[in-house]
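S.K.: Provided herewith is a single structure, encoded as structure tokens, for subsequent inquiry.
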Amino acid sequence: MTMSDDIFSYSSKNPAPVTTGKSLGTEEEETFFSLRPESFDEYVGQQETVETLQIAIEAAKKREEPIEHVLFHGPPGLGKTTLAHIIANEMGGELTITSGPALEKGGDLVGLLTNLNQGDILFIDEIHRTPKAVEEFLYSAMEDFAIDIVFDKGVHARSHRFRLNRFILIGATTRIGLLSAPLRDRFGMFRTLDFYDTESLIKIARRSAALLNTPLTPEGAKTLAMRSRGTPRILNRLLKRVRDYAEVRADGVLTDAVVESALKLEGVDTLGLTNLDRSFLKTIIDYYRGGPVGIEAISATLQEETDTLVDVVEPYLLKIGFLARTSAGRKVSQEAYRHLGYPTQGSLFS
402 MTMSDDIFSY SSKNPAPVTT GKSLGTEEEE TFFSLRPESF DEYVGQQETV ETLQIAIEAA
462 KKREEPIEHV LFHGPPGLGK TTLAHIIANE MGGELTITSG PALEKGGDLV GLLTNLNQGD
522 ILFIDEIHRT PKAVEEFLYS AMEDFAIDIV FDKGVHARSH RFRLNRFILI GATTRIGLLS
582 APLRDRFGMF RTLDFYDTES LIKIARRSAA LLNTPLTPEG AKTLAMRSRG TPRILNRLLK
642 RVRDYAEVRA DGVLTDAVVE SALKLEGVDT LGLTNLDRSF LKTIIDYYRG GPVGIEAISA
702 TLQEETDTLV DVVEPYLLKI GFLARTSAGR KVSQEAYRHL GYPTQGSLFS
């Protein structure tokens, strides 16, 4: 097999950006360098979720009405925002993106809702962090496509119901337990996104490498996939770092050896654990004899935000069986002891 046959090469369907001697605008840069799929045909993984959405969209188009509101749940980087973009493309509506913490006042949300046209999509990331006062505006907006605005105060107070165009709300959350029941129950579709398997990540690596005009060998793609923590966002981030390494320290081709060397420099080990992951586990082992220990104590010892540990670090460690959450706190498993080179006798997790 020749070198050209053995490398996932760049596709001519996605030509490289032409340098004109001046810097590109923000929108142009996003167009050139975004690796986000734009249709279900390009989307890899989450087959059941994709099939459910395709059926819902096709049925809604036949009835000539928007689909029901959608709630996506899962760890960061698994494609929640990407699916929102694809739904907007498939439905032909405009997509407006915001986040729960950004909606500080009811007026912020009302301004967004009143500017939506029929069939437009409002995507709220980290929707569980939406303030309660703002969340209450969503109840009638989602159910009745109307919002009640109160004018004046006291005996002069009066309420006016403002009708909205029928829109689609897509919510995304990493912590479904923090979402209030009244809000959660108003979503017509609820889908949980899970970590990706190696084969799906290899396909994503091949596609992203082609878009980046970067030669990638099959072995290099597999190594990248196995160290990406089952997360496409992490895979694409590591791919860009490996590409930089290959252009400076090698011949530009992402072989298995080049990927190994680049990821070692990045502090990513054979299972995809980062320096923060290992520090998290070692803190529990060294300071708390393997657990159980509360997340606040770990956060204080590491001097990291609790939300970062809960949302970013813990999901993958739980997935691979290196960590257990108990009523008494976090415990480290014997597999984690072995991976980090500790004697397993000290583990209190069985």
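Its first residue numbered 402, the sequence shown is counted upward by one per residue in this note's numbering. Glycine included, each C-beta is placed from N, C-alpha and C at the ideal position.
With DSSP as the reference, label Lys732 as helix, strand or coil.
M.R.: Three-state result, Lys732: strand.
S.K.: Tell me the rounded alpha-carbon separation between Pro744 and Gly691.
M.R.: Approximately 12 Å, taken between the alpha carbons.
S.K.: Spatial neighbours of Glu495 within its chain, please: CB distance less than 6 Å, with the 5 preceding and 5 following residues excluded, ordered by chain position.
M.R.: Hits under 6 Å: Asp521.
S.K.: Cβ of Ala622 within 9 Å of Cβ of Arg607?
M.R.: Yes, they are a contact pair.
S.K.: If you measure between the beta carbons of Leu484 and Gln447, is that distance less than 9 Å?
M.R.: Yes, the pair counts as a contact, with Cβ atoms nearer than the cut-off.
S.K.: Determine the closest residue to Thr684 out of Leu672, Pro616 and Ala701, with distance taken between C-alpha atoms.
M.R.: Of the listed residues, the one whose Cα sits closest to Thr684 is Ala701.
S.K.: Mark Gly653 as exposed unless 16 or more other C-beta atoms lie within 10 angstroms of its C-beta, in which case mark it buried.
M.R.: It counts as exposed.
S.K.: Counting Cβ pairs closer than 8 Å, one from the stretch 499 to 506 and one from the stretch 521 to 538, do we hit at least three?
M.R.: At 8 Å Cβ cutoff, the stretches touch.
S.K.: My understanding is that Gly730 touches Leu594, with C-beta atoms under 8 Å, so please give their C-beta distance in whole angstroms.
M.R.: About 27 Å; that fails the 8 Å criterion.
S.K.: From Arg530 to Met543, what distance separates their C-alpha atoms?
M.R.: So the two alpha carbons sit approximately 18 Å from each other.
S.K.: Can you give me the C-alpha to C-alpha distance between Arg564 and Leu602, rounded to a whole angstrom?
M.R.: Taking the straight line from one Cα to the other gives about 44 Å.
S.K.: So within the stretch 477 to 530, which uninterrupted beta strand (DSSP E) runs reach at least 3 residues, ignoring any that extend past its ends?
M.R.: Listed in chain order, the complete beta strand (DSSP E) runs (minimum 3 residues) inside the stretch 477 to 530 are 496 to 500 and 522 to 526.
S.K.: According to the Cβ coordinates, are Asn490 and Ser440 closer than 9 Å?
M.R.: Taking 9 Å as the Cβ cut-off, Asn490 and Ser440 qualify as a contacting pair.
S.K.: By the three-class DSSP mapping on this structure, what secondary structure does Ile603 have?
M.R.: Looking at Ile603 - three-state DSSP - the assignment turns out to be helix.
S.K.: Could you tell me the distance, in whole angstroms, from the CA atom of Ile569 to the CA atom of Glu469?
M.R.: Cα to Cα, the separation comes out at about 7 Å.
S.K.: Can you list, in chain order, the residues of its chain with a C-beta nearer than 8 Å to that of Pro477? Leave out the 5 residues immediately preceding and following it.
M.R.: The answer, listed in chain order, is Thr575, Thr632, Arg634, Asp712 and Val713.
S.K.: Once DSSP output is grouped into helix, strand and coil, what is the label at Ile468?
M.R.: DSSP places Ile468 in coil when its eight states are reduced to three.
S.K.: Answer with buried or exposed for Gln735, where buried requires no fewer than 16 other C-beta atoms within 10 angstroms of its C-beta.
M.R.: Looking at its Cβ environment, which holds 16 or more other Cβ atoms inside 10 Å, Gln735 is buried.
S.K.: DSSP three-state label for Ile456, please.
M.R.: Three-state DSSP puts Ile456 in a helix.
S.K.: In chain order, what residues of the same chain have a beta carbon less than 8 Å from the beta carbon of Glu428, not counting five sequence neighbours either side?
M.R.: Reliability fails at Glu428, whose pLDDT of 40 lies under 50, so the model's placement of it is uncertain and the value that follows must be treated cautiously. Here the set comprises nothing.
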